[in-house]
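In the UniProt record's numbering, the protein residues as written are 1 to 354. Glycine residues also receive a C-beta, built at the ideal position from the N, C-alpha and C atoms. To keep things clear, I will list the structure first and then write my remarks on it.
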């Protein structure tokens, strides 16, 4: 699915701009050397296969909503300061909270987004969870834009990616357990009077979303859902954990990244030279390197922080955006491309004028 994003109200073309960002990562940093003390692996092997040097692991008492809440509060504080509003008034202006996650606080219900909505006091906001795997933020940004665009009175949406993947990690499987970390990232999306097309265009310009359900078993947690529920009296030897066909995921991801980049560029009618930054899902540095080589794009154009955080699923792109934003590495007017892929299998991308 591809959509050119703009909306006309009384002849005005409205833009949907990211006005603030936030992130949260647990303080418990586990390096590859730390991990090698627990499982049969080493720093060289992990780095050469993934580009990962460390990951942050949440305490047992920390849930998905706790990380999401911290990221949300950071984004809200930045947004309120920029808008010249009090934090209390600003949070009441939220119309929607979308939370992308595959590790919600509770099984099925309630939505973790509702937990966050209550804790920040956003009484006027609708709230929902979105499960698109590691593409959750890409999908969430598109969903929030559509929601705001349906009504000119809707102004702001909070889009969060938050995951605690180490809770569904098999620590006896060294091929997967080294890949995952915990974290959350958030952005504030605002409908503004800036143009979304033509000279001086701003905000989210275009999105492309896709899925290939035939690859559903390439990344899967088999137990605990309605397909394979736990039964009364059943003895469970281990908790539900991610199973992954690494080769299949790698092949899918490289194709998805290259195809999504090509599609966004072609449909927007631009060259990759006009893109200031490409922010991919931080799953494996080798995937990005392979895609860059296929397309002839300098690796420096891709922003990678996987060495520090590993794969944080739906949180990886908004964490990266917050690091770029707060670090002054992107500025107003920069053209940013985000690229995601993950379980489902899902994929997609956004073009954003910062």
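For the beta strand (DSSP E) assignment, the uninterrupted runs of no fewer than 3 residues enclosed by the segment 6-66 are, from N- to C-terminal side, 7-9, 12-24, 29-31 and 54-56.
Taken through DSSP and simplified to helix, strand or coil, residue 240 comes out as coil. Uninterrupted beta strand (DSSP E) stretches at least 3 residues long and entirely within the segment 176-237 occur at 182-192 and 203-211, given in chain order. Following the DSSP letters along the chain, one finds residue 257 inside the alpha helix (DSSP H) bounded by residues 246-268. Residue 54 and residue 29 do touch by the CB rule: their CB atoms are close to 6 Å apart, below 8 Å.
When rounded, the separation of the alpha-carbon atoms in residue 275 and residue 141 is 19 Å.
Taking 8 Å as the cut-off, the Cβ atoms of residue 291 and residue 163 do not count as close. For residue 127, the enclosing beta strand (DSSP E) stretches over residues 126-130. Setting aside the 5 residues that flank it on each side, residue 242 is surrounded in the same chain by 165, 168, 169, 170, 176, 180, 219, 220 and 221, each with a C-beta closer than 8 Å to its C-beta; the list follows chain order.
Taking C-beta atoms as the reference points, residue 343 and residue 178 fail to come closer than 8 Å. Collapsing the DSSP output to three states places residue 110 in coil. Sixteen is the threshold: since fewer than 16 other Cβ atoms of the shown chains lie within 10 Å of the Cβ of residue 266, the residue is exposed.
Nearest C-alpha to residue 321 among 336, 310 and 59: 336. Distance from residue 25 to residue 309 at the Cβ level is roughly 6 Å; contact confirmed, criterion being Cβ atoms closer than 8 Å.
If the five residues before and after residue 223 are omitted, its C-beta is found closer than 6 Å to the C-beta atoms of 240, all from its own chain and listed in chain order.
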